[in-house]
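There are 2 protein chains.
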Amino acid sequence: MSAVSAYAPATVANLAAGFDILGLALEGPGDTVTARLSDHPGVRIAAITGDNGVLPRDAEDNTAGIAAISTLKRAGVDVGIELSLHKGLPIGSGLGSSASSAAAAAMAVNLLVGSPLRKSELIEPCLDAEAHVSGRHADNLAPALLGGLVLVRGVDPVDVVRLPIPEELVVAVVSPDFVLETKKARAVLPDEVPLSAMIRNSANLASMVAACFSGDLSLLGRSVTDEVVTPARAKLIPGCTEVIDTALSHGALGASISGAGPAVFALCRSRRSAREVGAAMQTAFAAAGLNSVLHVSKATAPGARRVSL
Amino acid sequence: MSAVSAYAPATVANLAAGFDILGLALEGPGDTVTARLSDHPGVRIAAITGDNGVLPRDAEDNTAGIAAISTLKRAGVDVGIELSLHKGLPIGSGLGSSASSAAAAAMAVNLLVGSPLRKSELIEPCLDAEAHVSGRHADNLAPALLGGLVLVRGVDPVDVVRLPIPEELVVAVVSPDFVLETKKARAVLPDEVPLSAMIRNSANLASMVAACFSGDLSLLGRSVTDEVVTPARAKLIPGCTEVIDTALSHGALGASISGAGPAVFALCRSRRSAREVGAAMQTAFAAAGLNSVLHVSKATAPGARRVSL
Numbered sequence: 001m002s003a004v005s006a007y008a009p010a011t012v013a014n015l016a017a018g019f020d021i022l023g024l025a026l027e028g029p030g031d032t033v034t035a036r037l038s039d040h041p042g043v044r045i046a047a048i049t050g051d052n053g054v055l056p057r058d059a060e061d062n063t064a065g066i067a068a069i070s071t072l073k074r075a076g077v078d079v080g081i082e083l084s085l086h087k088g089l090p091i092g093s094g095l096g097s098s099a100s101s102a103a104a105a106a107m108a109v110n111l112l113v114g115s116p117l118r119k120s121e122l123i124e125p126c127l128d129a130e131a132h133v134s135g136r137h138a139d140n141l142a143p144a145l146l147g148g149l150v151l152v153r154g155v156d157p158v159d160v161v162r163l164p165i166p167e168e169l170v171v172a173v174v175s176p177d178f179v180l181e182t183k184k185a186r187a188v189l190p191d192e193v194p195l196s197a198m199i200r201n202s203a204n205l206a207s208m209v210a211a212c213f214s215g216d217l218s219l220l221g222r223s224v225t226d227e228v229v230t231p232a233r234a235k236l237i238p239g240c241t242e243v244i245d246t247a248l249s250h251g252a253l254g255a256s257i258s259g260a261g262p263a264v265f266a267l268c269r270s271r272r273s274a275r276e277v278g279a280a281m282q283t284a285f286a287a288a289g290l291n292s293v294l295h296v297s298k299a300t301a302p303g304a305r306r307v308s309l
Numbered sequence: 001m002s003a004v005s006a007y008a009p010a011t012v013a014n015l016a017a018g019f020d021i022l023g024l025a026l027e028g029p030g031d032t033v034t035a036r037l038s039d040h041p042g043v044r045i046a047a048i049t050g051d052n053g054v055l056p057r058d059a060e061d062n063t064a065g066i067a068a069i070s071t072l073k074r075a076g077v078d079v080g081i082e083l084s085l086h087k088g089l090p091i092g093s094g095l096g097s098s099a100s101s102a103a104a105a106a107m108a109v110n111l112l113v114g115s116p117l118r119k120s121e122l123i124e125p126c127l128d129a130e131a132h133v134s135g136r137h138a139d140n141l142a143p144a145l146l147g148g149l150v151l152v153r154g155v156d157p158v159d160v161v162r163l164p165i166p167e168e169l170v171v172a173v174v175s176p177d178f179v180l181e182t183k184k185a186r187a188v189l190p191d192e193v194p195l196s197a198m199i200r201n202s203a204n205l206a207s208m209v210a211a212c213f214s215g216d217l218s219l220l221g222r223s224v225t226d227e228v229v230t231p232a233r234a235k236l237i238p239g240c241t242e243v244i245d246t247a248l249s250h251g252a253l254g255a256s257i258s259g260a261g262p263a264v265f266a267l268c269r270s271r272r273s274a275r276e277v278g279a280a281m282q283t284a285f286a287a288a289g290l291n292s293v294l295h296v297s298k299a300t301a302p303g304a305r306r307v308s309l
């Protein structure tokens with residue numbers, strides 16, 4: 001085997017009260033990495049497509065490259081590898097672009113060298129990649145690797161919990177034509193949080209988890225709220241508050257910013273509802289002067305996997 | 001029917017990362033209130049036993065009295081009622097003494113006037129009582145009323161979620177002979193919490209909830225940790241840190257302060273383990289110069305209920 005391709009999905013992180021803790025894999029958009037054995041030692045990036053030329057080509061400065069290097073190191077395998085990355089999702093959109101590239105690269109490299117690491121063991125190398133671009137958090141990369149809805153209990157050491165998802169749940173994600181750098185979105189975060197806000201946010205996160213297990217969609221919807229991170233970030237995204245309000249008034253169970261934004265997600269009771277909610281959200285973004293793209297996805301989407309190219 | 005008696009159990013609140021949010025009912029110790037119809041209008045406290053004379057006898061200044069008054073008001077019933085309260089659990093111990101009195105009183109009064117309110121509707125009158133003595137929190141009173149393990153999503157409006165409990169789970173609670181006023185225990189709380197601490201605490205709380213649903217006792221144990229409230233309060237309780245460490249080194253899944261303290265609880269895999277862990281915790285309190293009482297209770301204990309006197 002001299003070449004393997006792997007795909008990893010886009011992800012919605014945070015999900016309101018789960019800042020840095022909770023993330024969900026999406027069907028459809030995602031990144032694909034092909035890893036090829038090479039006589040040249042080390043990891044090299046041969047090509048990147050779909051990024052409009054903005055991503056670094058140096059493997060040590062690119063999340064796919066860093067994840068590949070770290071995967072080889074943890075596997076104790078010393079081979080030369082050439083990576084080709086195809087970006088299937090927009091950069092800086094709040095859909096876990098860096099995590100998707102890292103997860104696809106880690107998956108492809110691990111498969112190429114005979115799968116010495118289990119899938120969950122690829123979280124560590126992907127964390128190295130995330131740490132380089134946006135901080136040591138696994139809320140995008142854990143679902144990008146494992147699929148579904150994942151709770152990140154901790155990253156030192158890695159401790160992740162896969163959560164059940166109510167079968168009928170569908171996600172509408174509206175991604176506006178507006179770039180919000182993760183670093184800028186992180187800069188508005190408060191250093192400290194009032195104890196009372198911590199209590200309410202924790203209670204909502206815990207209730208979301210309970211609702212996922214019990215299938216109580218009403219509780220799930222009530223719990224999709226955050227008073228710590230979302231209010232600060234909403235100010236950076238034109239129309240954000242109106243888009244969220246529109247989603248709720250059109251029947252979404254809950255809605256908030258996807259990851260660091262600017263994308264906004266809504267949890268809906270059916271695919272039909274998600275399409276209606278999504279269309280209304282697009283109209284609200286348009287009123288703020290932004291074109292947008294709508295993705296509708298089952299909430300139970302698979303994670304990184306081998307693909308044939 | 002001219003008299004009704006009701007009992008409500010002691011409770012362990014907070015459970016580490018669930019400050020003001022999570023509470024668990026215990027078997028055994030609890031308060032009992034007898035409510036009698038009286039020709040005298042309003043609510044009057046006829047007798048209190050088991051309190052060493054420390055509780056206020058004025059109904060408007062006593063949690064049982066306040067809960068009774070508020071229950072009648074919410075039920076829209078205007079009768080004279082005389083209460084007798086027997087304290088079966090120590091005051092200021094961190095076992096939800098005020099909530100137990102309030103829950104027993106609300107239950108007895110509601111039964112006496114023909115149960116116009118559902119059990120969950122008694123949370124509001126009990127909140128009025130708690131607000132008077134320690135703050136508007138329902139983490140003791142919700143399990144004291146409903147039994148089992150309860151997640152309090154919010155109190156304005158009341159929104160509580162009953163959580164499943166792994167069948168084999170047993171709680172050891174060691175109550176030292178040391179009074180810690182709730183007000184003093186509240187005074188050491190930080191006004192603000194670092195965002196990073198909020199993230200870790202929320203993740204632990206969410207993981208506890210997931211573990212209760214999935215029955216993953218190892219995850220449950222790992223999640224019984226708190227870096228926000230417990231470290232501040234541990235300093236107020238002689239031997240506290242050693243007692244918690246002793247519980248863990250003797251096989252407890254997790255251990256922390258019960259409510260505002262000074263009692264310390266440990267979650268254990270069996271009744272036998274809970275007895276061993278509890279005895280070791282008592283030895284550790286003794287080393288700090290404190291006598292203590294051990295309660296061992298199944299984690300699935302019922303809430304407030306009618307009793308015959």
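Same order as they appear, the protein sequences are chains A and B. Residues in the first sequence are numbered from 1 upward in steps of one, following our numbering. Residues in the second sequence are numbered from 1 upward in steps of one, following our numbering. C-beta: ideal position from N, C-alpha, C; glycine also.
query                                                                                                                                                                                              : result
Quick one: what's got a C-beta closer than 6 Å to B/Ala129's C-beta in the same chain, skipping five residues either side?                                                                         : Thr63, Ile66, Ala67, Ala102
Could you name the residues of chain C that A/Asn204 contacts, counting a contact when the two beta carbons are closer than 8 Å?                                                                   : Looking for chain C here will not work: the only protein chains present are A and B.
Opposite A/Lys298 in the DSSP bridges: which residues?                                                                                                                                             : A/Val170
Going by beta-carbon coordinates alone, are A/Gly259 and A/Leu220 separated by less than 9 Å?                                                                                                      : no
Is it the case that the stretch 151 to 160 of chain B contacts the stretch 116 to 124 of chain B, given that we only count it when at least three CB pairs across the two stretches are under 8 Å? : yes
Just by C-beta distance, which residues in the stretch 211 to 236 of chain B are closer than 9 Å to chain A?                                                                                       : Ala211, Cys212, Phe213, Ser214, Asp216, Leu219, Arg222, Ser223, Val228, Val229
What is the DSSP secondary structure of B/Pro125, counted as helix, strand or coil?                                                                                                                : helix
Determine the direct distance from the alpha carbon of A/Leu217 to that of A/Leu294, and round the result to whole angstroms.                                                                      : 23 Å
Just mark B/Thr49 as buried or exposed, buried being the case when its beta carbon has 16 or more other beta carbons within 10 Å.                                                                  : exposed
Helix, strand or coil: which one does DSSP assign to B/His86?                                                                                                                                      : strand
What does A/Leu22 pair with, by DSSP beta-bridge criteria?                                                                                                                                         : A/Leu151
Counting only Cβ pairs nearer than 7 Å, list the residues of chain B close to A/Ser207.                                                                                                            : Leu151, Arg153, Val161
Could you say if the stretch 296 to 306 of chain B and the stretch 24 to 43 of chain B meet the contact criterion of at least three C-beta pairs nearer than 8 Å?                                  : yes
Please classify A/Asn52 as buried or exposed, where buried requires at least 16 neighbouring CB atoms within 10 angstroms.                                                                         : exposed
Counting only runs that start and end within the stretch 155 to 219 of chain A, where is the alpha helix (DSSP H) found for 4 or more residues in a row?                                           : 182 to 187, 195 to 214
Using the beta-carbon count (16 or more within 10 Å), is B/Lys235 buried or exposed?                                                                                                               : exposed
Would you verify that the beta carbon of A/Pro190 is, or is not, closer than 9 Å to some beta carbon of chain B?                                                                                   : yes
Given a cut-off of 9 Å on the beta-carbon distance, is the pair B/Ser249 and B/Ala286 in contact?                                                                                                  : no
Figure out for me which residue from A/Thr34, A/Arg269, A/Cys212, A/Ser202 has the closest Cα to the Cα of A/Leu227.                                                                               : The amino acid occupying residue 227 of chain A in the given sequence is Glu; Leu does not appear at that position. It is A/Ser202.
Nearest to B/Gly289 by alpha carbon, out of B/Val150, B/Cys240, B/Val79?                                                                                                                           : B/Cys240
Applying the 10 Å Cβ sphere with the 16-neighbour rule, what's the burial state of A/Lys183?                                                                                                       : exposed
Residue ranges of each beta strand (DSSP E) run of no fewer than 3 residues wholly in the stretch 22 to 51 of chain A, ordered along the chain?                                                    : 22 to 38, 43 to 49
Residues of chain A with CB closer than 7 Å to the CB of B/Ile20, please, in chain order.                                                                                                          : The sequence shown places Asp at residue 20 of chain B, rather than the Ile named in the question. Per Cβ cutoff of 7 Å: Ile199.
Output the residue ranges of the alpha helix (DSSP H) runs that lie fully inside the stretch 250 to 295 of chain A and measure 4 residues or longer, sorted by chain position.                     : 271 to 287
Please list, in chain order, the chain B residues whose beta carbon lies closer than 9 Å to that of A/Pro194.                                                                                      : Asp191, Glu192, Val193
Which residues does DSSP list as the beta-bridge partners of B/Val12?                                                                                                                              : B/Leu24
Could you name the residues of the same chain whose beta carbon sits closer than 6 Å to that of A/Asn204, not counting the 5 residues immediately before and after it, in chain order?             : Ala17, Ser223, Thr225
With DSSP as the reference, please indicate the residues paired to A/Gly80 in a beta bridge.                                                                                                       : A/Ser38
Compare the beta carbon distance of B/Ala210 and B/Leu95 with 9 Å and say whether it is the shorter of the two.                                                                                    : no
Verify whether the separation of the beta carbon atoms of B/Thr34 and B/Ala144 is less than 9 Å.                                                                                                   : no
Using the Cα positions of B/His132 and B/Ser70, report the straight-line distance between them to the nearest angstrom.                                                                            : 12 Å
Since B/Ala206 and A/Ile21 are thought to touch, with beta carbons under 8 Å apart, how far apart are those beta carbons, to the nearest angstrom?                                                 : 7 Å
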